[in-house]
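With the first letter of the sequence shown counted as 1, position 171 gets the number 257 in our numbering; the numbers rise by one all the way through.
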Amino acid sequence: MPASKRVLQLVLGLLSIETAPVSCKELQNSILKIAPEMASLIPKALPQLFQRGLILRSQKKIEGKYQYFLSKKEQRFSIAGSMEKFVLYTKKQNSKNLKKQILEIIEKENIALRLSEIAKRIETNYTETFLKKIQFHLSSLVKAGVLLRTGKPHQYYLKRREKIVAIDDRKASVPEQIFTLLQKRKIALASSEILELLNTDSLQAKPAALSLALSRLTKSGRLHKSSLRMGARSEIRGHLFATNSEMIDTRLAKIMEVKLTKR
């Protein structure tokens, strides 16, 4: 058996009888008593075992040295009076590459995804630390206007897309409910019609919330609004809203045509 393989087995054997984390130096001292020729190989063996996910390592160096423990589940130990976290190995991801992966996943799936769903597609056995990294990048992409998200529980999707993403309407925020409704209808609707349709579909929206949501959608450029406001004499009330200006022009033309016919 090659010396490199023997030392790995020897280290695992020694760690299996340890009830507390140990440093590389402590393991070397133990091996010196049973296999002196293997002691110099310990510094290389420990990182290998850690990278294979067979042992835990302290998240930070303790007194200038990493500590190791035989387990496949992250945990904490009290060392020198402070609680230290011991973690599994995770591949270090470059921020740009991680952002690129997130966008590629959402674009490929063409559905709104939750944080945990995105993390799982990148790394099956992800850690809490990795999840926080994904959350950070998702938040920055939302702030940059590249991604959009629904109300809680948050689902993320691309701002520009041809197909309607699969979002649970009942869990979506009011702006997303409105945007999805207008996408599906493919016509310009007045604010009074939007409110009525939302309540008919049991999605529920209060007038104040509707007004705020429509304002946000128009300011962000996702919806277009008519300059003309429907008044009390009209069957519909409020401005017209649509996903593009052509729909508004078409609807206004039809409204004016009806008015002229009635006269």
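Using N, Cα and C, we set each Cβ at its ideal position, and we do this for glycine too.
Check: Measuring CB atoms only, is the segment 262-274 touching the segment 327-339, in the sense that at least three cross pairs come out at less than 8 Å?; Outcome: yes
Check: Near Gln-153, which residues of its chain fall below 6 Å by C-beta distance, leaving aside the five closest residues on each side in sequence?; Outcome: Pro-107, Ser-109 and Ser-144
Check: With Leu-284 and Leu-267 assumed to form a contact (beta carbons below 8 Å), what rounded beta-carbon distance in angstroms separates them?; Outcome: 7 Å
Check: Where do the ends of the beta strand (DSSP E) carrying Ser-168 lie?; Outcome: 168-173
Check: If you draw a straight line from the C-alpha of Val-228 to the C-alpha of Arg-302, how long is it?; Outcome: 14 Å
Check: I'd like to check one pair, Ser-312 with Leu-326: are the Cβ atoms closer than 8 Å?; Outcome: yes
Check: Short of 6 Å in beta carbon distance, which residues of its chain neighbour Lys-257, apart from the five on each side in sequence? Order them along the chain.; Outcome: The pLDDT assigned to Lys-257 is 48, lower than 50, so where the model puts this residue is not dependable; a value taken from the coordinates is nonetheless given after this. There are no such residues.
Check: Apply the 10 Å Cβ neighbour rule to Gly-324 and answer buried if 16 or more other Cβ atoms are within range, or exposed otherwise.; Outcome: buried
Check: Distance, Cα to Cα, Lys-218 vs Arg-235?; Outcome: 17 Å
Check: Give the secondary structure of Leu-314 by DSSP, where H, G and I count as helix, E and B as strand, and everything else as coil.; Outcome: strand
Check: Would the segment 198-210 count as touching the segment 159-170 if we require 3 or more Cβ pairs under 8 Å?; Outcome: no
Check: Near Met-316, what residues of its chain come up, given a Cβ to Cβ distance below 7 Å and the 5 sequence neighbours on each side ignored?; Outcome: Ala-276, Ile-322, Arg-323 and Gly-324
Check: Kindly indicate the opening and closing residues of the alpha helix (DSSP H) around Gln-134.; Outcome: 128-137
Check: Taking the straight line between their C-alpha atoms, what separation do you get for Phe-155 and Thr-304?; Outcome: 56 Å
Check: What do you reckon, are the CB atoms on Tyr-175 and Gln-114 nearer than 8 Å?; Outcome: no
Check: Keeping to the same chain, check which residues put their C-beta closer than 6 Å to that of Met-87; ignore five residues upstream and five downstream.; Outcome: Unreliable placement is indicated for Met-87, whose pLDDT of 49 sits below 50; no coordinate value is reported for it.
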